[in-house]
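Engineer: Numbering (full-length UniProt numbering), first residue to last: 1 to 567. Take a look at this one; I'll ask things after.
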C-alpha cells in the first residue's frame, strides 16, 4: 500500500502478522459496546422520564449510521489506509460518548441522540470495516479466519461492556449526572484502548505473501463468476439476499437492544424474578452467543453450503421465537437458551453473508456489493427496536405487564423469519447476462512469448557452435555444416510459426506475439549471416573443392529463404 502523509506504516519483512489481529480486536471490541446499550435503557427512562421507544433511539440511529458509513466508507478505507480509518473511528466513537455526556449534564437528550447515534454511529461503521481488508491482505491463505477474528470481536464487545457499564452506573449513580459521568469515562477509556490498535496496525509490504503459500494454486479455487456491484443491484438475487439479511437482523436486534429489561419483565411477578445483576449477565451471555455463532455456524456453512445454513438460521430461529412466545415465562433457563440460539443465528448471519455473496456474484467486486448490502442493517437497526419498544410501550399503556408486553412483537418476529426463509428459497444462480466478460489470461500469452524466446536462444546457441566448428575444420566437412545450418534455420522458422499459432489463441495479446515474431526474424537473419561468413572462410582457405563452392550459393539461398519465412 502506498504510504500517505507518513501515516500508514508498511511492515518490515520480519514483522509478525499475528500482531495485526490484536490491533483489529482493539477496535472491534470497543465499538462492540453498542450491543450493551440495553444496560442504559432503564436508567435513561427513569432519570429522564422517557419511554422505552425514546431510550432506544440513540441505539437505532447509531445502527442506521453504522450501515450507511460502512456501505459508503469502503473507498475511504482503501484510499487512506487502515490507520486513517481507525483514527476516524476512534475520534468519532469517543466523541459520541463525550457529546452524550454533555447532553446528560445539561439535560438535553437530543445531544445523546446526535452524539451516540450520529457521531458515534459513523465511528461504528468506519471501525467495522477498517481492519477487515487489512487482515485479508495479511492472511490470504486463511481469509475466513481473518474476517472471523474481527467480526467476532464486534459481536463479543458486550461481554466486556455490559458488566463494566453496570459497575460504572453503580459507582456514579443512575441519575442524569451519573449516566453522564459513565458516558464520559467510556469515551476516554475507549479512546485509549482504540489508540493501541492504531499504533499496532501495519500493512504488508507490496507483493508480500505468507511463507509456503502459492497464489497460483489458491487461485484455482476462486469462483469464475464476475458480477460488478452496479450489475449486482439489478439482480433479484441481491434484493432477495437483502431481505434475508434485513429480516434476520431485525429478529435478532429486537431482542438484543432490550435484553436486560425484557428478561426482567418476563419474570416479574413470578416465583423466579430476575435481578438487575442477573439481567446484566444475560446480556453478556447473548453477546457470547452472538460471538460464538459467527465462528461456529459460518464455519459449518463451508460444509453445508450457504443456502442450507440460512435455512437453519431462519427456520430454527422462527421455532425458537415460538418457544419464547408459548413457554418463555415458564423457565429462566429455557428463556436464556432460546434467546441465545436466536442471537447465535443473528451473529452468524453477518459472518456468513460475505461468503454467500461470493458464491452468487464471485470475488470481482464482492467488497463493494457487501457494503451496499449492509444498508439492510441500517433498516433493521431502526425496524427491530422500533417494533419491540413501540408495542411494549403501547401494551404497558393498556395495562399489560410481564410477558404479555412482547406477545405481538414475537409473533411479528416469527413472521419476519418465515418471510426470510421463503426469500432464501427463491435465490437461484445469477443469470449469465449480468456477468462481466472474463479477462483473457495474460499468463497464457506470456508463456507463449517465453517459449518463443527460448526457441530463439536455443537456435542462436546451435548456430554459434556450428560456426566455431566450421572455422576450426575448414575442410570438406564444412559443406555439411552449412547444410546443417540451413536445417537449423528451418527448425527456427517452424518454431516461430508454432509460437505464432500459440500467440494467436490468446487474442488480446497480439502485440506480444508480434514482438516475439520480430525477434525470431532477427534470429533467422543472424544465422544466415553466420552461414555466409563460414562460406567466405572456406573460399579463403582454398581447401574446399569445386563442388563445395558450387553448393555454397545454393545453401545461402536456402538460408535467406528461411529468414523470410520467419519474418
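Note that beta-carbon positions come from the ideal geometry of N, C-alpha and C, so glycine has one too.
1. Can you give me the C-alpha to C-alpha distance between residue 363 and residue 166, rounded to a whole angstrom?
2. Helix, strand or coil for residue 430? Go by DSSP, reduced to three states.
3. Where do the ends of the alpha helix (DSSP H) carrying residue 83 lie?
4. List the residues that DSSP assigns as beta-bridge partners of residue 10.
5. Rounded to a whole number of angstroms, what is the C-alpha to C-alpha distance between residue 22 and residue 416?
6. Contact check, residue 329 vs residue 213 under 8 Å by CB: the rounded distance?
7. Mind the definition here: the segment 164–179 touches the segment 70–90 only if three or more C-beta pairs lie below 8 Å; say whether that holds.
8. Which first and last residues belong to the alpha helix (DSSP H) in which residue 28 is found?
9. Can you round the beta-carbon distance between residue 123 and residue 31 to whole angstroms, since I take them to be within the 8 Å contact cut?
10. Secondary structure at residue 37, three-state DSSP: helix, strand or coil?
11. What three-state label does DSSP hand residue 245 in the structure shown?
12. If you follow the alpha helix (DSSP H) that residue 233 is in, where does it begin and where does it stop?
13. With a CB to CB cut of under 8 Å and the five nearest residues on each side skipped, what residues in its chain are close to residue 273?
14. Is the segment 352–371 in contact with the segment 233–245, if contact means three or more CB pairs nearer than 8 Å?
15. How about residue 93 and residue 248: do their beta carbons lie closer than 9 Å?
16. With DSSP as the reference, label residue 255 as helix, strand or coil.
17. What are the boundary residues of the alpha helix (DSSP H) that includes residue 60?
18. Quick check: what's the CA-CA separation for residue 52 versus residue 208?
19. In the DSSP assignment, the alpha helix (DSSP H) including residue 418 goes from what residue to what residue?
20. Quick check on residue 273: does DSSP put it in helix, strand or coil?
21. Hey, quick one: how far does the alpha helix (DSSP H) through residue 320 stretch, first residue to last?
22. Give me, in chain order, the residues of the same chain whose beta-carbon lies closer than 7 Å to that of residue 304; leave out the 5 immediate sequence neighbours on both sides.
23. Is there a Cβ of chain C sitting closer than 9 Å to that of residue 281, yes or no?
24. Taking residue 125 and residue 76 to be in contact with their CB atoms under 8 Å, please state how far apart those CB atoms are, rounded to whole angstroms.
25. Using the beta-carbon count (16 or more within 10 Å), is residue 389 buried or exposed?
26. What's the gap between the Cα of residue 577 and the Cα of residue 352?
27. From 184, 342, 300 and 301, pick the residue whose C-alpha is nearest to that of residue 285; which is it?
28. Take every Cβ of the segment 423–439, pair it with every Cβ of the segment 329–340, and state whether three or more of those distances are shorter than 8 Å.
29. According to DSSP, is residue 375 helix, strand or coil?
30. Return helix, strand or coil for residue 225, following the three-state DSSP convention.
31. Of the residues 402, 228 and 37, which one's Cα is nearest the Cα of residue 182?
32. Assuming residue 361 and residue 276 are in contact, meaning their beta carbons sit under 8 Å apart, how far apart are those beta carbons, in whole angstroms?
33. Please report how far the alpha carbon of residue 137 lies from the alpha carbon of residue 196, in whole angstroms.
34. Go to residue 347, then tell me how far its alpha helix (DSSP H) extends in each direction, as first and last residue.
35. Compare the Cα-Cα distances from residue 261 to each of 387, 338, 113 and 39 and report the closest residue.
Structural biologist: The short version:
1. As a first step, residue 363 must be located in the chain shown, where it is residue number 363. As a first step, residue 166 must be located in the chain shown, where it is residue number 166. One C-alpha to the other measures close to 43 Å.
2. Within the chain shown, numbered from 1, the residue matching residue 430 stands at position 430. Three-state DSSP puts residue 430 in coil, outside helix and strand.
3. Within the chain shown, the letter at position 83 stands for residue 83. 82–106 is the extent of the alpha helix (DSSP H) around residue 83.
4. For the purposes of this step, residue 10 is taken as the residue at position 10 of the chain shown. Answer is 203, bridged to residue 10.
5. Numbered from its first residue, the chain shown carries residue 22 at position 22. Numbered from its first residue, the chain shown carries residue 416 at position 416. If I take the Cα positions, the gap works out to 37 Å.
6. For this step, residue 329 is matched to residue 329 along the chain shown. For this step, residue 213 is matched to residue 213 along the chain shown. Contact doesn't hold; Cβ gap of about 53 Å is too wide.
7. No, because fewer than three Cβ pairs between the segment 164–179 and the segment 70–90 fall closer than 8 Å, the two stretches do not touch.
8. Residue numbering aside, residue 28 sits at position 28 when the chain shown is read from its first letter. Looking at the DSSP string, the run of the alpha helix (DSSP H) that includes residue 28 is 20–31.
9. Residue numbering aside, residue 123 sits at position 123 when the chain shown is read from its first letter. Residue numbering aside, residue 31 sits at position 31 when the chain shown is read from its first letter. Confirmed, about 7 Å.
10. As a first step, residue 37 must be located in the chain shown, where it is residue number 37. Coil at residue 37, not helix or strand.
11. Mapped onto the chain shown, residue 245 falls at position 245. Here DSSP, grouped into helix, strand and coil, assigns residue 245 to helix.
12. In the chain shown, residue 233 corresponds to position 233, counting from 1. Going by DSSP, residue 233 is part of no alpha helix (DSSP H) at all; its letter is neither H nor E.
13. To locate residue 273, count along the chain shown from 1; it is residue 273. Within the same chain, residue 273 has close Cβ partners 264 and 267.
14. yes
15. The residue given as residue 93 occupies position 93 in the chain shown. The residue given as residue 248 occupies position 248 in the chain shown. No, the pair does not count as a contact, with Cβ atoms beyond the cut-off.
16. On the chain shown, residue 255 is found 255 positions in, with the first residue counted as 1. Helix at residue 255.
17. Reading the chain shown from its first residue, position 60 is the one you call residue 60. Segment 52–72, the alpha helix (DSSP H) holding residue 60.
18. Residue mapping note: residue 52 aligns to position 52 of the chain shown, counting from 1. Residue mapping note: residue 208 aligns to position 208 of the chain shown, counting from 1. For residue 52 and residue 208, the distance between alpha carbons rounds to 52 Å.
19. Mapped onto the chain shown, residue 418 falls at position 418. For residue 418, the enclosing alpha helix (DSSP H) begins and ends at 407–425.
20. On the chain shown, position 273 is the one that residue 273 refers to. In this structure, residue 273 counts as coil in the three-state DSSP scheme.
21. Along the chain shown, read from residue 1 onward, the residue named residue 320 stands at position 320. Segment 306–327, the alpha helix (DSSP H) holding residue 320.
22. Here residue 304 refers to the residue found at position 304 of the chain shown. Same-chain partners within the cutoff: there are none.
23. No chain C appears in this structure, which consists of one protein chain only.
24. Locating residue 125 in the chain shown gives position 125, counting from the first residue. Locating residue 76 in the chain shown gives position 76, counting from the first residue. 11 Å between Cβ atoms; not a contact.
25. Counting from 1 along the chain shown, the entry for residue 389 is found at position 389. Under this definition residue 389 is a buried residue.
26. The first residue shown for the chain is 1 and the last is 567, placing residue 577 beyond what the model contains.
27. Sequence index remark: in the chain shown, residue 285 carries index 285 (1-based). Nearest C-alpha to residue 285: 342.
28. no
29. The residue you call residue 375 lines up with position 375 of the chain shown. Residue 375 falls in the helix class under three-state DSSP.
30. Numbered from its first residue, the chain shown carries residue 225 at position 225. In the structure shown, residue 225 sits in coil (DSSP, three-state: anything other than H, G, I, E or B).
31. Taking the first residue of the chain shown as position 1, residue 182 is located at position 182. The candidate whose alpha carbon is nearest that of residue 182 is 37.
32. The count along the chain shown starts at 1 and reaches residue 361 at position 361. The count along the chain shown starts at 1 and reaches residue 276 at position 276. With a Cβ gap of about 46 Å, residue 361 and residue 276 do not count as contacting.
33. Within the chain shown, the letter at position 137 stands for residue 137. Within the chain shown, the letter at position 196 stands for residue 196. One C-alpha to the other measures close to 21 Å.
34. To locate residue 347, count along the chain shown from 1; it is residue 347. Unbroken alpha helix (DSSP H) run through residue 347: 332–361.
35. The residue labelled residue 261 in the question sits at position 261 within the chain shown. Of the listed residues, the one whose Cα sits closest to residue 261 is 39.
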